[in-house]
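Below you'll find the structure, written out as C-alpha cells, and then a few comments.
Numbering (our numbering), first residue to last: -13 to 122.
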C-alpha cells in the first residue's frame, strides 16, 4: 500500500519520531500556499513536544527542526512576527547540542530578523553562527 498522505504519518503503529518525520516530509511537498502544510507542521510540533517531554536530550533537535519548518512557512506567507518566537525557541533548543543544529537554527533566526528588517539582529545571529564549532 502506498503511503501518500499526512494521515499515513500518524497511523496506528507508527513511532513518534517516524510520525513527526512523515508530517514534515508531507508538509515539505505541499505547495507554498495550500495543501495544509502549516497545519501538518503544527501537528508535528505538538507530537515533538510530547517526545521532548518524555526525553528532552533525545528529541530537542527534532522539535527545533519542526519549529524551523513552521518558521519558513510563516515567512513564505509574510507572517514574520509570528515566525520570530518559533525561531527563537529553536535556537534555545539547539544551544545545548551546539554544532550543525545550532548553526542552522541561527541562520533561520537571521532570516526572520531580515524579514522583519532588523538587520543588526540578523547580522548578530549570523556572527554567532560563524563562531559555533562545526561538527567533526
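Cβ atoms here follow ideal geometry from the backbone N, Cα and C, with glycine treated the same way.
These figures come from a predicted structure and were not determined experimentally.
Alpha carbon of residue 43 to alpha carbon of residue 6, nearest angstrom
Distance between the alpha carbons of residue 43 and residue 6: 17 Å.
Let's see if you can read the secondary structure: which residues bound the alpha helix (DSSP H) around residue 82?
For residue 82, no alpha helix (DSSP H) segment is defined, and its DSSP state is neither H nor E.
For residue 119, which three-state DSSP category applies?
coil
Would the stretch 21 to 32 and the stretch 42 to 59 be scored as touching if the rule is three or more Cβ pairs under 8 Å?
yes
Tell me the DSSP secondary structure of residue 109 in three-state form.
Collapsing the DSSP output to three states places residue 109 in a helix.
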